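K.L.:
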Ligand code: ASC
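In this note's numbering, the protein residues as written are 138 to 286.
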């Protein structure tokens, strides 16, 4: 009984520590895969808006609004997958050593993508172009300091 209790305490403590470190992810590679997938979906839909902003694709308000809604929804997802113990992938060590700057970059991206969605819903192409440039700037700012080249 005594040993059973000890085993239970060790198992519970271990799972609490692992749970804190990796949030909902079972393993570090699952977290890395998740964040890359979120960035891939985000950049795919952002590129479709970028093509419109550059005049390569005709402006269709509904299409841009749909893509912007996806970009905005995706923008809040990757960050939960940068927990302790998930170093690697394309991430530079600064993600974990300069957490406050990384966090402020996340917030800027989330705000910029919300503005892009607002611009897209307004149907004003010039506003979409400005908001697209702002989102691109937020992507680049963060890549400069936190993503491997
Ligand atoms: C994109 C994309 C990025 C950003 C970045 C902006 O379309 O996939 O990562 O824009 O290139 O500088």
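The C-beta atom is built at its ideal place from N, Cα and C for all residues, glycine as well. Note that the coordinates shown come from a computational prediction; the quantities given were computed from them, not determined experimentally.
Hey, is residue 277 close to the ligand ASC, as in C-beta under 6 Å from one of its heavy atoms?
P.N.:
Yes, the beta carbon of residue 277 sits closer than 6 Å to at least one heavy atom of the ligand ASC.
K.L.:
My output table needs one value for residue 285: the three-state DSSP class, helix, strand or coil.
P.N.:
Residue state, collapsed to three classes: coil.
K.L.:
When you compare only the Cα positions, how much space is there between residue 280 and residue 269?
P.N.:
Those two C-alpha atoms are separated by around 17 Å.
K.L.:
Using a Cβ-Cβ cut-off of 8 Å (strictly less than) and excluding sequence neighbours within five positions of residue 161, which residues of its own chain qualify?
P.N.:
Closer than 8 Å at the Cβ level, and outside the excluded window around residue 161, lie 217.
K.L.:
Could you pull the start and end residues of the alpha helix (DSSP H) that residue 187 belongs to?
P.N.:
Unbroken alpha helix (DSSP H) run through residue 187: 165-190.
K.L.:
Is there contact here, the region 226-238 with the region 181-190, by at least three beta-carbon pairs under 8 Å?
P.N.:
Judged by Cβ distances under 8 Å, the region 226-238 makes no contact with the region 181-190, as fewer than three pairs qualify.
K.L.:
Does the ligand FMN have even one heavy atom less than 6 Å from the beta-carbon of residue 219?
P.N.:
Absent from the structure shown: the ligand FMN. Ligands present: the ligand ASC.
K.L.:
Less than 7 Å between the C-beta atoms of residue 168 and residue 223, yes or no?
P.N.:
Closer than 7 Å, so yes.
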